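Participant:
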Amino acid sequence: MPLKKALVGVSMLLISATTSANPLAGYRPVDLTHSFDEDTIYWPTENDFEHEKRFEGITEGGWYYTAFSVHTAEHGGTHMDVPIHFADGTWTADEVPLSSRILPAIVVDVRAEAASDRDFLLTRQHLEAWESQYGRIPENVAVLMNTGYAHFWPDRERYMGTASRGNAAVAKLHFPGFSASAARFLGKERGVAAVGLDTPSIDFGQSKDFIVHQILYEQNIIGFENIAAMDELPATGSWLFALPMKIKGGSGGPLRVIALVPESAS
Ligand SMILES: [Zn+2]
Numbered sequence: 159m160p161l162k163k164a165l166v167g168v169s170m171l172l173i174s175a176t177t178s179a180n181p182l183a184g185y186r187p188v189d190l191t192h193s194f195d196e197d198t199i200y201w202p203t204e205n206d207f208e209h210e211k212r213f214e215g216i217t218e219g220g221w222y223y224t225a226f227s228v229h230t231a232e233h234g235g236t237h238m239d240v241p242i243h244f245a246d247g248t249w250t251a252d253e254v255p256l257s258s259r260i261l262p263a264i265v266v267d268v269r270a271e272a273a274s275d276r277d278f279l280l281t282r283q284h285l286e287a288w289e290s291q292y293g294r295i296p297e298n299v300a301v302l303m304n305t306g307y308a309h310f311w312p313d314r315e316r317y318m319g320t321a322s323r324g325n326a327a328v329a330k331l332h333f334p335g336f337s338a339s340a341a342r343f344l345g346k347e348r349g350v351a352a353v354g355l356d357t358p359s360i361d362f363g364q365s366k367d368f369i370v371h372q373i374l375y376e377q378n379i380i381g382f383e384n385i386a387a388m389d390e391l392p393a394t395g396s397w398l399f400a401l402p403m404k405i406k407g408g409s410g411g412p413l414r415v416i417a418l419v420p421e422s423a424s
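Residues 159 to 424 (our numbering) are what the sequence shown spells out, left to right.
#1: Taking a contact to mean a Cβ-Cβ separation below 8 Å, would you say His229 touches Gly410 in this structure?
#2: Sort Ala245, Met238, Phe310, Ala179 by Cα distance to Leu398 and report the nearest one.
#3: With respect to 7 Å, is the separation between the Cβ of Gly410 and the closest non-hydrogen atom of ligand 1 below this value?
#4: Please say whether Ala263 and Ser396 have beta carbons closer to each other than 8 Å?
#5: In the DSSP output, what is Phe336 paired with across the bridge?
#6: Residue range of the beta strand (DSSP E) that Ile216 falls in?
#7: Thinking just about the alpha-carbon of each residue, which of Glu347, Arg276, Thr281 is nearest to the one in Glu315?
#8: My output table needs one value for His229: the three-state DSSP class, helix, strand or coil.
#9: Should Glu210 go down as buried or exposed, given a rule of 16 or more other Cβ atoms within 10 Å for buried?
#10: Which word fits Asn304, buried or exposed, when buried means at least 16 other C-beta atoms lie within 10 angstroms of its C-beta?
#11: Taking the C-alpha atoms as reference points, what is the distance between Leu331 and Phe368?
#12: If you check the beta carbons only, do Thr357 and Tyr307 fall under 8 Å apart?
#13: Alpha carbon to alpha carbon, how far is Trp221 from Gly215? Give it in angstroms, no decimals.
#14: Tell me the start and end of each unbroken beta strand (DSSP E) in the segment 366–415 that is at least 3 residues and wholly inside, in chain order.
#15: On the DSSP letters alone, give me the boundaries of the beta strand (DSSP E) that Ala352 sits inside.
#16: Could you tell me which of Asn298, Pro187, Arg269 sits nearest to Leu261, measuring between CA atoms?
#17: Using only alpha-carbon positions, find the residue among Gly219, Leu182, His192, Ser257 that is nearest to Val350.
#18: Output the distance between the C-alpha atoms of Ala287 and Tyr223, rounded to the nearest integer angstrom.
#19: Would you kindly report the start and end of the unbroken beta strand (DSSP E) that includes Arg186?
#20: Exposed or buried, what is Pro255 when buried is set at 16 or more other beta-carbons lying within 10 Å of its beta-carbon?
#21: Quick check: the Cα distance between His284 and Phe213, rounded to an integer number of angstroms?
#22: Would you check whether ligand 1 has a heavy atom nearer than 7 Å to the C-beta of His209?
#23: Between Glu204 and the rest of its own chain, which residues show a CB-CB distance below 8 Å, the 5 nearest in sequence each way excluded?
#24: Do you know offhand how far Ala272's Cα is from Glu289's?
#25: Alpha carbon to alpha carbon, what distance is there between Glu421 and Ala341?
#26: Can at least three beta-carbon pairs, one atom from the segment 374–386 and one from the segment 359–366, be found at a separation below 8 Å?
#27: Taking the beta carbon of Ser365 as the centre, do at least 16 other beta carbons fall within 10 Å, making it buried, or is it exposed?
#28: Under a Cβ-count criterion, where at least 16 other Cβ atoms within 10 Å of its own Cβ denotes burial, should Thr236 be classed as buried or exposed?
#29: Measure the CB-CB distance between Ile416 and Leu190 and report whether it falls below 8 Å.
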């Protein structure tokens, strides 16, 4: 290619790079992630998050250097659940497509109900009431349930009903979740791609069979748990970006999740 023609090509590329539209224009990012630290809430049977210092200080070469190792269960803090967690032969953490993690979000606000009932279950009827107000829940969206419990973080007693640890503590868990009827409705009748909420589990604390995990994950629907406060999210119009650690063969993993909220919503 003659040099002149090549230069014209390069300058056109530069022009298009500098003038391409900002894909975030009109949206405001909101972080929906709790920091990982010694207070991070894990299931009562899991170990705490460990941030182990490997080195901090001046090296022999004279420069400053610091680095840590992290130790964490896949399911703790703000995290993603993937279908293999409860359904054999389904997606592992590295297999979940981006389309299930970058997607429109709808928010079901149940803060009032959950404030007066620690064992609150979101039912099909609640979702139908939401639809009568905002329209039919579209396919391939994330359905987020805002219980308000994110505001109790990191107080275990208030957040999950008990600060006890170990197997015996599991029976003392009290926090809201999705019901089996809601799971069947969202999976079979609406074809959503993901669900999420600001409690430790998509099944409520008193669940004995994790039926919501079973129903949703066998349909390759994924879950986001321990999401941080969603109060700035409108019922419709936001986009969710859920970018977990990509653990090969994993059943889930620590998650950085943000929402893009339309500026018109604030
Ligand atoms: Zn989980």
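Cβ coordinates follow ideal geometry from the N, Cα and C atoms, glycine included. This one's a predicted model, so the numbers in the text were calculated from it and none came from an experiment.
Facilitator: Taking the definition as stated:
#1: no
#2: Of the candidates Ala245, Met238, Phe310, Ala179, the one whose C-alpha sits nearest the C-alpha of Leu398 is Met238.
#3: yes
#4: yes
#5: Leu280, Asp361
#6: In the DSSP annotation of this structure, the continuous segment of the beta strand (DSSP E) that includes Ile216 starts and ends at 208–216.
#7: Of the candidates Glu347, Arg276, Thr281, the one whose C-alpha sits nearest the C-alpha of Glu315 is Arg276.
#8: strand
#9: exposed
#10: buried
#11: 13 Å
#12: yes
#13: A direct Cα-Cα distance of roughly 8 Å separates Gly215 from Trp221.
#14: 380–383, 396–402
#15: 352–355
#16: Asn298
#17: Closest option to Val350, judged by alpha-carbon separation, among Gly219, Leu182, His192, Ser257: Ser257.
#18: 56 Å
#19: 185–189
#20: exposed
#21: 52 Å
#22: no
#23: In chain order, Ala231, His233, Gly234 place their CB closer than 8 Å to the CB of Glu204, counting only its own chain and leaving out the 5 sequence neighbours on each side.
#24: 20 Å
#25: 31 Å
#26: The segment 374–386 is in contact with the segment 359–366.
#27: buried
#28: buried
#29: A contact, by the Cβ cut-off of 8 Å.
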